[in-house]
Structures are given as structure tokens and as C-alpha cells.
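In UniProt numbering, the protein residues as written are 1 to 541.
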């Protein structure tokens, strides 16, 4: 161990992060890598106001961190269509003096409607009675003590969603007629998922038990099934999951719905269908285990050539080839596959083959394995499972939130570990683009997470959403405790969507890598040990 630490100290001491000036960056194609390095310059106050003024055309995604930093230099002025600029000069006290166009523009804001006095709202409601009944409904609704009840009585679907977005505290029983109209609105899916997952607005949620499964599809149907389970309406839940399975386009999503159909009714045909799925996911793996179906075929890749001329350490080179791969047709993918069929570029080779085969073949590679070979098999499997999901092992991967490298470390965490905990001299977050360092930091961080969480699924949640998020979730008395349909119901109710999906995918990867490392584990053991008040020792997962 001491020898390994000395080796890493030598590696770190010999590293230098690439420095990019704003002039150099402007010559690069717009990409996430370019955004990331512009953001780094903004963070360090190395971009002048003059340079910042013409940066917009050089930014790939003008959102989030880079937007916030840039607007510290050049505050964003809200865009107002010149055609309607005059309309915004009218206030709650002068709105009756405006023409119909300007009144209509101002009344698009519920905050503005709420600021009016009741007499003016009545006058405006009469004005728009024929041409904008939606405005009339909202104006008169705010003249009551309970606007949402007024809108529900009118069965005004658009008004309902506008009011819900205005104040998510509204909650009341909805009649069957109205509730079956809600799924027709574009905002229904997000509305339903939000209140079901967060277990908010109990009257709205209970009212959704009146929705006819034939009126919904895909995600909406699936989460209405989950909602029905929380009220122990298993027959209704089954009908929702059946509709979801019929309508989902993604095979992995279909499998999730079919799994619930089987869990509710124990129909062996559903389990058999699941076991034969072409998709590799936790549900198909579980079905294969229960039916003694052979493990899915995992493709083996053994390039004979060591390397080509591609620079695996250049983030800009990866951004360019990634765009080329995503835009390529079948014959172009063949050409690219031959070019990247080398040991050094194995991650890109597998990435190309996945797309060439329409994701129907399963590639579970182990690049840069020498850097983790001394870890125990369970740790190796977890590192590989996370790296595969995070980056497909691309060393210079950069996410939209600027997570870095194979293990997708957020800069703040990489810097905290590198500077505060490991005390590495001259540490730079770009060191995460080195595979050996990414694995080392990944292993270090997993030591911390696994000292607090004893299941690979919980560790995956924490790796993605943070240890605080995971601890708060596990502290709840309704998550991963003994109960009907547990732990599977809790897995559908993880409150952060990205972590919910991420955890399932990492767990499937983990099972496969344990298998490939000749250290197989039953996925049923992992599921069993997710029940916190049932299992005292989770070590066998």
C-alpha cells in the first residue's frame, strides 16, 4: 500500500493541467469541453467584460453554471418583444386604460391577476368573456376565497395546471370527469410524477385513482400504477402497469412494467417473458435468476493493436469524435470501428459498437484494469459498474454539470479530496481525466460511502445524489422498510429522478461485472438486504 501511495505521489507531482486562454478557446468548436474551460476562466475572473460581451456565440449550452458566472459580468436584461414593450408600462392601477392586446399580455401572469382588485377583475372578466374564456375563468377564480375550487368546478384543465404551477399547495378532491381530462394536458406527466414521487397533495393523488387506465400511456400509466400501489389498489395498479407495458417504446421500461405485472399477480407467463428480454436490466436479470435462464451473453472485445493516433487525453478530441459517431450512418460506423479497434481506445471502440448494433449487444469492458486489479472483486465490480454508467469509460468525459473523467467527479469533490484530504501539491481538477487517477479517487470516495452504506444500490444513490440525500431518504419511515412489495416499491419512489434511474442501472452493471470477475452474486440477495429493518448484516451484497 505504501509503495502504491508513493507511485501516485510521483504521478501527481509530474502532472500539469493544460492551460487555455480565451483566445485559444475561441478557436475551438463549440462543445461541453469548451463551455467547461470558459467556465473555469470565468470562475478565476480571467475574462474581461470586453471579452465577455461576445462570448454568447462561443457557448454550447447557455444554461446553469456558465450562465450564472457570465451574468455576474454582464447582467442579463429580460427580453421583451418590442411589439409588446409598451404593455409592461401598465400596472394594476392602470390596466383598464390599456388596449385589449396589452390587457391580454399582462393577464398572462397569475401574479398580476392576483394583484388586481376584485372590481377590476370583474370588469376584465366581462371584457374577455367571449374571446378569452380562459382569462375570464382565472379572473373570476381570484375573486373567490378558493381559486382552485372555482377552476375545478368549471373543469378548466388549462386553468388547473396554471394554478397548480402558481401554488403547489393547492389540494382538493377532484371529480371523475375532470380527473380523466387531466391526462390530455401536456403538463400531466410531470404533475403526476411530482406529486406521486414526493407523496404531496394527498387529495389530488387519491383522486387519480379514478383515472381510466385507457386514458394514459407510458410514464403516466406507470406512475399511476405506482400511485395505486401506495393505496393498496393492486388490481387498478395492474391495469396501469399493463397499459404502460403495452405503450412503452423502450424495452427496459417495458420490462419494469412487466415486472410489476408479475409481482402483483404472479403470472408465470409474465416472468417467462421478462426472462427472455433482450434488454439487460435488474428486472430481466432477476427473472433469469428465478427461472434458471442462462446469464445474458456479454460481448468480449480483445483488440490486437495497442494504439492509434487518437489522443485519449484531449477533451476536445473526444467531443469532436463523439459528434462524428453520433452523426454517423451504419457504413461510417464500420469505418470508425476499424479505426478505434485498439487497446488504448477500447472505450471509444465499445461506444461505437453499441451504436452500430442499436444497443442490442451488451458490451461490458474493463479498460485500464491494471489500476484496480489489487482491489477486492466486489470493489472492482462496483468501480467498473459506476464508470460504465457515468462515462462509458471515456477518460475525458465532461457532463452538462461539468462532472469530470471516467468516474465523473464534480470539481468541488475532486478538489476537496485532492487538496484537503490527500493534500496533493498543485492539485488540479483536470487530473481527473487520467484513468489511473479517476480510479484512485473513485476507490477513495467509495471507501467513504461504503463505510456508511452497506448496499451497492444505496452507494450508487449516494454516488449520484450525495450522501446527505441518501441518508435523508433512508431515514424516512416509508422507504426501504418491511412492507408489501418492498424493496421494489421504494425503488420506484426514490425522490430524485436521476438517482432513481441511475441506481437501477449501476446495480445491473454490478451484477454483470461480479459475474465476469468470477465472483457472482444473486441479485435476489441484494434485494433482500435492502430492507433496513429486516437485515442487520448487509455484507453479503
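Glycine included, each C-beta is placed from N, C-alpha and C at the ideal position.
Residue i - DSSP class collapsed to helix/strand/coil
i, result
"residue 342", "strand"
"residue 363", "strand"
"residue 299", "strand"
"residue 394", "coil"
"residue 49", "helix"
"residue 199", "coil"
"residue 83", "helix"
"residue 404", "strand"
"residue 154", "helix"
"residue 377", "helix"
"residue 409", "strand"
"residue 168", "coil"
"residue 6", "Per-residue confidence for residue 6 stands at a pLDDT of 46, beneath the threshold of 50, marking its modelled position as unreliable; the derived number appears in the next sentence. Three-state result, residue 6: helix."
"residue 434", "coil"
"residue 129", "coil"
"residue 530", "coil"
"residue 305", "strand"
"residue 549", "The shown model of the chain, from 1 to 541, leaves out residue 549, and the question about it has no answer."
"residue 185", "coil"
"residue 194", "helix"
Exposed unless 16 or more other CB atoms sit within 10 angstroms - verdict on residue i
i, result
"residue 351", "buried"
"residue 80", "exposed"
"residue 256", "buried"
"residue 440", "buried"
"residue 152", "buried"
"residue 468", "exposed"
"residue 545", "This structure cannot settle anything about residue 545, because the visible part of the chain is limited to 1 through 541."
"residue 105", "buried"
"residue 349", "buried"
"residue 424", "buried"
Candidates the options, of which the one nearest residue i by Cα
i, options, result
"residue 163", "123, 130, 108 and 215", "108"
"residue 390", "181, 152, 183 and 460", "460"
"residue 62", "246, 46, 45 and 39", "39"
"residue 181", "31, 315, 156 and 291", "156"
Inter-residue Cα distance where the pair is residue i and residue j
i, j, result
"residue 360", "residue 354", "7 Å"
"residue 143", "residue 136", "11 Å"
"residue 484", "residue 494", "17 Å"
"residue 55", "residue 429", "24 Å"
"residue 506", "residue 395", "18 Å"
"residue 90", "residue 82", "15 Å"
"residue 178", "residue 268", "38 Å"
"residue 322", "residue 221", "35 Å"
"residue 367", "residue 386", "13 Å"
"residue 48", "residue 72", "11 Å"
"residue 87", "residue 466", "46 Å"
"residue 103", "residue 69", "36 Å"
"residue 219", "residue 236", "16 Å"
"residue 462", "residue 121", "50 Å"
"residue 184", "residue 248", "17 Å"
Boundaries of the alpha helix (DSSP H) in which residue i is found, first to last residue
i, result
"residue 471", "467 to 475"
"residue 78", "Element bounds for residue 78: n/a, residue is neither H nor E."
"residue 103", "100 to 106"
"residue 484", "Neither: residue 484 is in no alpha helix (DSSP H) and is coded neither H nor E."
"residue 261", "251 to 265"
"residue 271", "268 to 275"
"residue 225", "218 to 230"
"residue 543", "With the chain represented from 1 up to 541, any question about residue 543 goes unanswered, as that position is not in the structure."
"residue 327", "315 to 327"
Residue i beta carbon near the ligand ATP (any heavy atom closer than 7 Å)
i, result
"residue 192", "In terms of ligand content, the structure shown is empty, and the ligand ATP therefore cannot be addressed."
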